[in-house]
Structures are given as structure tokens and as C-alpha cells.
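Chemist:
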Amino acid sequence: MTLAPFYAASGFIKAHIVAALVVVALTPLQFWGFRKGSTAHRATGYLWLGAMLVVAISSFFIPSTIPFALMGFGPVHLLSVLTLFSVYTSVRYARAGNVTGHSKTLRVLSISFWIAAALTLVPEGRIMAMIVAG
0 MTLAPFYAAS GFIKAHIVAA LVVVALTPLQ FWGFRKGSTA HRATGYLWLG AMLVVAISSF
60 FIPSTIPFAL MGFGPVHLLS VLTLFSVYTS VRYARAGNVT GHSKTLRVLS ISFWIAAALT
120 LVPEGRIMAM IVAG
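Numbering that gives the first Met the number 0 puts the first residue of the sequence shown at 0, with every later residue one more than the last.
#1: From the DSSP output, in three-state form, read off LEU69 for me.
#2: Under 9 Å, do PHE33 and ALA24 count as touching if we go by C-beta distance?
#3: For ALA8, is the beta carbon positioned less than 8 Å from some heavy atom of the ligand FAD?
#4: Please classify ILE16 as buried or exposed, where buried requires at least 16 neighbouring CB atoms within 10 angstroms.
#5: By the 10 Å Cβ neighbour count, where 16 or more other Cβ atoms means buried, how is GLY44 classified, buried or exposed?
#6: Taking just the CA atoms, how far does TRP31 sit from ILE159?
#7: Work out the CA separation of THR82 and ALA55 for me, nearest whole Å.
#8: Using 10 angstroms around the beta-carbon of VAL86, count the other beta-carbons present and answer buried if the total reaches 16, otherwise exposed.
#9: Under 9 Å between the Cβ atoms of ALA115 and VAL75?
#10: Is the CB-CB distance between THR88 and GLY73 below 9 Å?
#11: Could you check where the alpha helix (DSSP H) with SER58 kicks off and where it finishes?
#12: Go ahead and pull the three-state DSSP assignment for GLY10.
#13: In three-state DSSP terms, what is VAL121?
In C-alpha cells form, the structure reads like this:
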């Protein structure tokens, strides 16, 4: 494991990685650590949502490396659009008292995040793959 690829990365990639690591750290607390609706759940939830926004927004400044990317945007950028919509929708549901809608929206978002995070480790040459593989 080496952090050299992280240090050499652009500011957008660094922000993207740090925010994603915040999501990784907070997800277990949100889903299993705090009583739903508690002050801790809400406070951590706002941090989690903020980190998800940073992950999504910073991704638009990270060009796709796939051959069929359109103007630097690839399929993963659709997930960023879904993330922006899901964050907005989940807050609306929570404020309206729609716990079921809030919960389902964030479960789908979380599962999507974990799939995308796992895929960053697969292609050779990706920064996270280089960090983990050393």
C-alpha cells in the first residue's frame, strides 16, 4: 500500500477520495449504530449526505478514462446525477415524515456507492487500485 498516487492526484480527485472515505466510515453508524431519528443519526446523516454531495460533484471534474466517454463523461457520471437526485429526495422525504421513502432512497444510494467503490479497485491504473496494490 502506498499513498504516492494520492499525493500526485489533482485536488478534485483528492476531495473525491477523502469524501468517499468519510462515507465509508459513516455508513455503518448510520445504518446500524444510531437509533433512527436520534440527534446523532440526524447529525451524522447530514455529514454523510454532505460527503456524498462532494463525491458526486467532484466526479464531474474527473474525466472518464473509458474509450466511449462523451466529452469526458462516462456511465459512472450517471451515478453522480442519481446521487444528487437521491440526496435531495431523501431530505425531502425525511422532512415530510416519509420514513419509508427516506430509508429506501438511502439504501439504494448506499448500495450504488458500495458497488462503485468496489469497481474502483478493479481496473489497473486507477488511483485507488494503485494505492491498495502498492
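Glycine is no exception: its CB is placed at the ideal position from the N, C-alpha and C atoms.
Modeler: Reading it off the structure:
#1: Looking at LEU69 - three-state DSSP - the assignment turns out to be strand.
#2: No.
#3: As far as ligands go, the structure on display features none, and thus does not contain the ligand FAD.
#4: Around the beta carbon of ILE16, 16 or more other beta carbons sit within 10 angstroms, so the residue counts as buried.
#5: Counting Cβ neighbours within 10 Å, GLY44 comes out buried, since at least 16 surround it.
#6: Past the edges of the chain, shown from 0 to 133, lies residue 159, and the structure says nothing about it.
#7: Taking the straight line joining both Cα atoms gives about 6 Å.
#8: If you draw a 10 Å sphere on the C-beta of VAL86, you find 16 or more other C-beta atoms in it, and that means buried.
#9: Taking 9 Å as the Cβ cut-off, ALA115 and VAL75 qualify as a contacting pair.
#10: 9 Å or more divides the Cβ of THR88 from the Cβ of GLY73.
#11: Membership of SER58 in the alpha helix (DSSP H) is indicated by the continuous run 38 to 58.
#12: Looking at GLY10 - three-state DSSP - the assignment turns out to be helix.
#13: In the structure shown, the three-state DSSP call for VAL121 is coil.
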